[in-house]
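Reading through the structure tokens given below for one structure.
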């Protein structure tokens, strides 16, 4: 299972001052993610899946963040939603099962039909934040 994370959307789900330092907030969000790689978790559809890969998509000021070991980082060349949809399409076309973490309804409508979608709360719970 490949997890594609809308970093801006997940950061925005917690009013912790992320708007003052978007790169710092993105780094704090990404830091615990490597511990999820290889972990079996309950997927949004109730099935149990192993998170084999985490792809975090960053945009704007957060693009300066460095990815922790084990996390693939996509720096959106323009808007984050297009980069997230393209990343999900890429992994889906490669035959991977995909979970996309976002609360953005417009983005959800652009995702591959087979993609599972989880809200930020799902990932926040896994990360203990």
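Residue numbers (this note's numbering): 1 to 129.
We put the beta carbon where it would ideally sit given N, CA and C, even for glycine.
Quick one, which of 2, 9, 68, 3 has its alpha-carbon nearest residue 106's? It is 9 whose Cα lies nearest to the Cα of residue 106.
Along the chain, where does the alpha helix (DSSP H) containing residue 90 start, and where does it finish?
For residue 90, the enclosing alpha helix (DSSP H) stretches over residues 80-93.
- Task: Could you please give me the residues that DSSP links to residue 56 through a beta bridge?
- Result: Residue 56 pairs with 5, 73.
* To do: Measure the C-alpha to C-alpha separation of residue 187 and residue 17 and round it to an integer number of angstroms.
  => There is no way to answer for residue 187, as the model of the chain reaches only from 1 to 129.
**Q.** CB contact flag (residue 36, residue 51, <8 Å)
**A.** Against a cut-off of 8 Å, the Cβ pair of residue 51 and residue 36 comes out as a contact.
**Selected residue, minimal CA-CA separation from residue 71, among 21, 25, 15, 34** = Among 21, 25, 15, 34, the Cα nearest to that of residue 71 belongs to 34.
Nearest to residue 25 by CA position, among 54, 108, 58, is which residue? For the residues 54, 108, 58, the minimum Cα distance to residue 25 belongs to 58.
* To do: Measure the alpha-carbon distance for residue 27 versus residue 125 and round it to whole angstroms.
  => One Cα belongs to residue 27, the other to residue 125, and the distance between them is close to 18 Å.
Taking DSSP as the reference, what is the three-state secondary structure of residue 118? Note: residue 118 maps to strand in three-state DSSP.
Buried or exposed: residue 120, going by 16 or more other Cβ atoms within 10 Å of its Cβ? Residue 120 should be labelled buried.
In chain order, what residues of the same chain have a beta carbon less than 8 Å from the beta carbon of residue 87, not counting five sequence neighbours either side?
-> If we look at residue 87 and ignore the five residues flanking it on each side, its Cβ neighbours are 4, 55, 57, 74.
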